[in-house]
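Here is the structure we will look at.
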Amino acid sequence: MTNPIADRIADAMLPIIKQLMAERDEARAAWERLAACERARIHYDQAIDLSDVERDVAHTQWRRARSALTSLDVAGPPSFTAAFELVRKG
């Protein structure tokens with residue numbers, strides 16, 4: 003036997019939960035892009051001792067990662083869920 007009040011509450015909460023999960027996934031992807039940008043920056047910083055071709059490859063990777071972050075910034079500030087995920091992951 004089901005509880006009609008609990009069913010209504012669950013039905014009302016479902017879209018909110020789906021939205022929070024979507025925001026969590028967006029935040030995770032954003033932090034992965036940030037990590038990729040940082041790895042590319044470190045690789046570029048270490049490229050000083052590399053050949054010109056290797057340095058150019060590292061610089062291109064860094065520019066692409068930075069561009070991905072710039073497009074993220076245009077989308078707006080991170081949501082509460084993104085901030086919560088960051089704090090939760092430490």
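Number 27 in my numbering belongs to position 25 of the sequence shown; there are no gaps in the numbering.
In this text, a Cβ means the ideal position worked out from N, Cα and C, and glycines have one as well.
Taking Cβ to Cβ, would you say residue i is nearer than 9 Å to residue j?
i	j	result
arginine 66	alanine 42	yes
tyrosine 2	alanine 60	Residue 2 lies beyond the range of the chain shown here (3 to 92); nothing can be said about it.
cysteine 39	arginine 57	no
Determine the DSSP secondary structure at residue i, reduced to helix, strand or coil.
i	result
threonine 4	coil
isoleucine 11	helix
serine 53	coil
Assign residue i to buried or exposed, taking buried as 16 or more other Cβ atoms, counted over all protein chains shown, within 10 Å of its Cβ.
i	result
alanine 32	buried
alanine 29	buried
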